[in-house]
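Have a look at the structure below before the remarks.
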Amino acid sequence: MKFNQENEILGNVKARKAMQMIINREDMVNVILNNGSLPAVGDIPEDFVKHPESGEDFREINGDLVETNKEEAQKLWSEAKQELGIEDAEIGYLGGDSDVAKNLDAYLKDQLEELEGLTVNVQAVPFKERIDRDKNMEYDIQNAGWGPDYIDPNTFLNMWVTDGGNNHTGYASDEYDGMIEKANNELAQEPVKRFETFLEAEKKLIQEDAVLAPLYQRASAKLVKPYVKGVITNPMGPDYIYKYAYIEGK
Numbered sequence: 028m029k030f031n032q033e034n035e036i037l038g039n040v041k042a043r044k045a046m047q048m049i050i051n052r053e054d055m056v057n058v059i060l061n062n063g064s065l066p067a068v069g070d071i072p073e074d075f076v077k078h079p080e081s082g083e084d085f086r087e088i089n090g091d092l093v094e095t096n097k098e099e100a101q102k103l104w105s106e107a108k109q110e111l112g113i114e115d116a117e118i119g120y121l122g123g124d125s126d127v128a129k130n131l132d133a134y135l136k137d138q139l140e141e142l143e144g145l146t147v148n149v150q151a152v153p154f155k156e157r158i159d160r161d162k163n164m165e166y167d168i169q170n171a172g173w174g175p176d177y178i179d180p181n182t183f184l185n186m187w188v189t190d191g192g193n194n195h196t197g198y199a200s201d202e203y204d205g206m207i208e209k210a211n212n213e214l215a216q217e218p219v220k221r222f223e224t225f226l227e228a229e230k231k232l233i234q235e236d237a238v239l240a241p242l243y244q245r246a247s248a249k250l251v252k253p254y255v256k257g258v259i260t261n262p263m264g265p266d267y268i269y270k271y272a273y274i275e276g277k
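Convert by adding 27 to the 1-based position in the sequence shown; the result is the number in the working numbering.
Below, the structure is given as structure tokens:
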């Protein structure tokens, strides 16, 4: 979930952290989606990229950068309202127009409105309109997904540099920009240090600056005949490779 930081309320980091924490991701994936999706606890998904020496998963090393903590969320939200000089707040939620999107957006609206005094107005629009409004930053918050272009943390983390082509959030951080620049230039030939720099960059992005509220790692449930073998699924690119598929035991 993305926050437009040009919105006065969402420009407050405590307000964004409160929204990160108020959402119950376990119920979201198990009840609302119910398709094998996993709760997202960072910007980098599980089983995506490994440490260049130890082979340990990026997500396992960096741990959970968001959690559901409704008590702490209310505390942060109260502090945010005090800093902003408001008692109530109203924000728009830019959502999709499919049945799945509407169900998910309704759930997220209910979760966010647990924050005292917050009203969330869902605007369900077609995908093309949502993309156009995202580019023009004509939204307050929105549920936006991203699929990797290549297997490297940079495919997710490079998006959020200042004036990045897909950074339509208003987020700008010299410190974050410096981390990404260093990882991709100075440390380009030092894979361990580069990996460690990406770990720190993700912590700043999600845990410290709350630029995003990670929601879920997408999955889809499929029925596969028991005699169909050798179909390869991919974390990026085409969903399936059938080159090595064969039938056995039919």
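From the three backbone atoms N, C-alpha and C, an ideal C-beta is built for every residue, glycine too.
If you pair each beta-carbon of the stretch 137-149 with each one of the stretch 111-127, do three or more pairs fall below 8 Å? yes
Just reading off the beta strand (DSSP E) that T146 is part of, what are its end residues? L145 to V152
If I follow the unbroken alpha helix (DSSP H) through A107, where does it start and stop? K97 to L111
Once you ignore the five residues that flank K249 on each side, which residues in its own chain have a CB closer than 6 Å to its CB? none
Completely contained alpha helix (DSSP H) runs for the stretch 52-93, where each covers 4 or more residues: 85-89
D91 and V56 closer than 9 Å at C-beta: no
E213 lies in the alpha helix (DSSP H); which residues open and close that run? No alpha helix (DSSP H) holds E213; DSSP gives it neither H nor E.
By DSSP's criteria, G122 is part of a beta bridge. Which residues make up the other side? A151
Contacts around K256, its chain only, beta-carbon distance under 6 Å, and the 5 residues preceding and following it disregarded: Y273 and E275
Under the rule that 16 or more other beta-carbon atoms within 10 Å means buried, what is K252, buried or exposed? exposed
Does E235 come out as helix, strand or coil in the three-state DSSP assignment? helix
Please classify A42: does DSSP put it in a helix, a strand, or coil? helix
Nearest to Q109 by alpha carbon, out of K155, D74, I88 and V40? V40
Can you have a look at F222 and say buried or exposed, based on whether 16 or more other CB atoms are within 10 angstroms of its CB? buried
Buried or exposed, going by whether 16 or more other CB atoms sit within 10 Å of the CB of G63? exposed
Top-ranked residue by Cα proximity to D179, from K44, A45, R52 and F75: F75
Other residues of its chain near T95: CB distance less than 7 Å, five sequence neighbours each side excluded: M48, I50, N51 and R52
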